[in-house]
Amino acid sequence: ILGKMCRTLVFLLMTGSALGAFRFPSLREKREAWDARTIVSNLEDATPDGIDLVHVNIIWRHGDRAPTQPMEGEKAPEEFWTFGGGGWGELS
């Protein structure tokens, strides 16, 4: 029993030290990664002097867009594209 407990303890210590190499990035590291990937990292820097930034609107496009008209030889009827409340040219 003692040998089994020792093996379990050694295994846990080894896995714990191996898992210690994996960690979540700090807030600073996240910010630096974001700044490296974006064109404008700080909206205040991007706003010209004398102009106050009052409102920012961010738009996300979501879902697949259905075709606006059937393609030549299309076998799927318009009803096929109405899933989720859509239709020709609508988002799913």
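Here the sequence shown stands for residues -20 to -1, 1 to 72, where the numbers follow mature numbering (1 follows the signal peptide of the UniProt record, and there is no 0).
We treat Cβ as the ideally placed atom computed from N, Cα and C, and that holds for glycine.
Distance CB(residue i)-CB(residue j) smaller than 9 Å
i: GLY30; j: ALA46; result: no
i: GLU59; j: PRO50; result: no
i: ALA13; j: PRO5; result: yes
Selected residue, minimal CA-CA separation from residue i, among the options
i: THR48; options: THR62, LEU(-12) and ARG3; result: THR62
Backbone CA spacing between residue i and residue j [nearest angstrom]
i: ALA56; j: TRP40; result: 28 Å
i: GLY69; j: PRO28; result: 38 Å
i: ASP25; j: VAL(-11); result: 53 Å
i: LEU(-9); j: LYS(-17); result: 12 Å
i: GLU9; j: THR(-13); result: 35 Å
i: ARG3; j: CYS(-15); result: 27 Å
i: ILE38; j: GLU52; result: 36 Å
i: VAL36; j: THR18; result: 16 Å
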